Amino acid sequence: MKVSIDADRCQGHGRCFNMAPDIFGFDDLGNGYVLGDGVLTSETLDRARLAQANCPEHAIAIEE
Ligand code: F3S
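Take the sequence shown: its position 26, counted from the start at 1, is 18 in the numbering used here, and no numbers get skipped.
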């Protein structure tokens, strides 16, 4: 499983990096990005899904 953020959709709401700061960071504009390679583990998958569900712009994708 791998998580990604669509930079064109992200509007900097910040829920992702506030909910899961070990998965997401933020840039100088306050927009979210994925830390590292985005590969999810059994420990990070649930929080990545929570962040995905809470992003108002539906900018977060999780691929098999
Ligand atoms: Fe952007 Fe959504 Fe996170 S708008 S900062 S990806 S909560």
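The beta carbon of each residue, even a glycine, is placed where N, CA and C say it ideally should be.
Since this is a predicted model, take the numbers as computed values, not measurements.
Would you mind working out which of H5, P48 and A40 sits nearest L21, comparing C-alpha positions?
Selected option, being the one with the closest Cα: H5.
Helix, strand or coil: how does DSSP classify A40 here?
A40: helix per DSSP, three-state reduction.
Quick one: residues in its chain with C-beta nearer than 8 Å to the C-beta of R7, no 5 flanking neighbours on either side, listed in chain order?
Within the same chain, R7 has close Cβ partners A43, N46, C47 and P48.
Cβ-heavy atom distance between P48 and ligand 1 below 7 Å?
P48: yes, Cβ under 7 Å from ligand 1.
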